[in-house]
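In this note's numbering, the protein residues as written are 16 to 269.
Below you'll find the structure, written out as structure tokens, and then a few comments.
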């Protein structure tokens with residue numbers, strides 16, 4: 016009996032060492048980390064296979080997207096890479112929480128989206144997109160940025176659409192396309208309408224991207240996708256935009 020117990024313990028130890036190296040890593044907002052295989056997304060929930068049960072059977076769990084900080088996918092185990100992977104932490108410890116981008120003034124010229132890099136998609140094949148819904152607040156909570164929870168990869172194609180109506184204070188209202196007649200010298204993108212939906216990749220980046228009601232673009236760097244409102248003073252804002260993000264599965268090659 017002891018031999019069987021020790022054998023099982025040894026097997027469990029080996030499995031514990033192997034599985035994290037090949038599994039998807041889901042980091043929750045409460046600081047916990049789950050390793051398994053993401054197999055689907057429906058009704059704002061990820062479905063995840065955990066462990067390696069007998070006869071090939073594995074436990075299954077569902078996690079609401081609002082509870083997830085980020086997901087790191089391993090292309091060897093994920094059938095459809097729904098969210099591009101960030102680099103693994105070789106020490107095995109959870110990564111530091113992602114901070115919000117600073118609300119600094121941007122460059123005068125808006126960022127230019129470069130053409131899609133070659134080699135990211137085989138000819139004749141249709142790209143697969145993963146869809147996620149995010150509510151983007153218009154106020155100054157979290158430094159004015161909403162963390163989408165997506166860690167995008169350079170060369171990955173993103174399609175973002177948005178709807179809704181927010182208050183900019185003083186009886187002024189805006190849709191995601193913004194209002195070009197409202198002057199604002201402190202907004203992040205000075206050449207774009209006030210109140211428009213904007214985005215940035217990474218918390219150390221000021222290459223802001225105007226989204227408006229719809230934008231299709233290619234990520235120019237790796238990082239977390241943040242969404243916000245193009246206005247200098249967010250303190251008197253209320254409401255939120257409803258945003259749908261479609262991220263190309265897999266992104267660029269590693």
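Note that CB positions come from ideal geometry on N, CA and C, so glycine has one too.
Rounded C-alpha distance that separates residue i from residue j
{"i": "residue 75", "j": "residue 189", "result": "42 angstroms"}
{"i": "residue 142", "j": "residue 172", "result": "9 angstroms"}
{"i": "residue 215", "j": "residue 241", "result": "5 angstroms"}
{"i": "residue 251", "j": "residue 257", "result": "19 angstroms"}
{"i": "residue 132", "j": "residue 56", "result": "Reliability of the predicted coordinates at residue 132 is poor, the pLDDT of 37 falling under 50, and the value obtained from them is presented with this limitation in mind. Roughly 27 angstroms separates the two Cα atoms."}
{"i": "residue 154", "j": "residue 249", "result": "5 angstroms"}
{"i": "residue 38", "j": "residue 206", "result": "44 angstroms"}
{"i": "residue 148", "j": "residue 166", "result": "15 angstroms"}
{"i": "residue 230", "j": "residue 238", "result": "18 angstroms"}
{"i": "residue 243", "j": "residue 51", "result": "31 angstroms"}
{"i": "residue 287", "j": "residue 118", "result": "Within the shown structure, residues of the chain are numbered from 16 to 269, placing residue 287 beyond reach of any answer."}
{"i": "residue 263", "j": "residue 235", "result": "14 angstroms"}
{"i": "residue 54", "j": "residue 221", "result": "34 angstroms"}
{"i": "residue 58", "j": "residue 80", "result": "9 angstroms"}
Neighbourhood of residue i by C-beta distance below 8 angstroms, restricted to the same chain and skipping five residues each side
{"i": "residue 209", "result": "183, 189, 193, 194, 195, 197, 198, 199, 202, 245, 246"}
{"i": "residue 180", "result": "188, 189, 190, 254"}
{"i": "residue 78", "result": "41, 43, 49, 60, 61, 63"}
{"i": "residue 82", "result": "43, 44, 45"}
Residue i: first and last residue of the uninterrupted beta strand (DSSP E) it sits in
{"i": "residue 156", "result": "Element bounds for residue 156: n/a, residue is neither H nor E."}
{"i": "residue 195", "result": "No beta strand (DSSP E) contains residue 195, which DSSP labels as neither H nor E."}
{"i": "residue 261", "result": "255-263"}
{"i": "residue 39", "result": "39-43"}
{"i": "residue 174", "result": "172-179"}
{"i": "residue 214", "result": "212-216"}
Own chain residues within Cβ distance below 6 angstroms of residue i, not counting five before or after
{"i": "residue 116", "result": "160, 215, 218, 241"}
{"i": "residue 223", "result": "121, 203, 204, 213, 215"}
{"i": "residue 146", "result": "261"}
For residue i, three-class secondary structure by DSSP
{"i": "residue 82", "result": "helix"}
{"i": "residue 237", "result": "coil"}
{"i": "residue 186", "result": "coil"}
{"i": "residue 228", "result": "coil"}
{"i": "residue 57", "result": "strand"}
{"i": "residue 223", "result": "coil"}
{"i": "residue 202", "result": "coil"}
{"i": "residue 169", "result": "coil"}
{"i": "residue 125", "result": "Confidence is the limiting factor: at residue 125 the pLDDT is only 37, short of 50, which leaves the residue's position unreliable, though a coordinate-based value still follows. DSSP places residue 125 in coil when its eight states are reduced to three."}
{"i": "residue 87", "result": "strand"}
{"i": "residue 163", "result": "strand"}
{"i": "residue 46", "result": "coil"}
{"i": "residue 141", "result": "coil"}
{"i": "residue 75", "result": "strand"}
{"i": "residue 9", "result": "With the chain covering only 16 through 269, there is no way to say anything about residue 9."}
{"i": "residue 51", "result": "strand"}
Counted within 10 angstroms of its Cβ, other Cβ atoms place residue i as buried (16 or more) or exposed
{"i": "residue 40", "result": "buried"}
{"i": "residue 185", "result": "exposed"}
{"i": "residue 85", "result": "buried"}
{"i": "residue 162", "result": "buried"}
{"i": "residue 156", "result": "exposed"}
Beta-carbon contacts of residue i that lie in its chain and below 7 angstroms, excluding the five residues immediately before and after
{"i": "residue 177", "result": "191, 212, 226, 228, 256, 257, 258"}
{"i": "residue 73", "result": "64, 65, 66, 67"}
{"i": "residue 295", "result": "The question about residue 295 has no answer here: the residues shown for the chain are numbered 16 through 269."}
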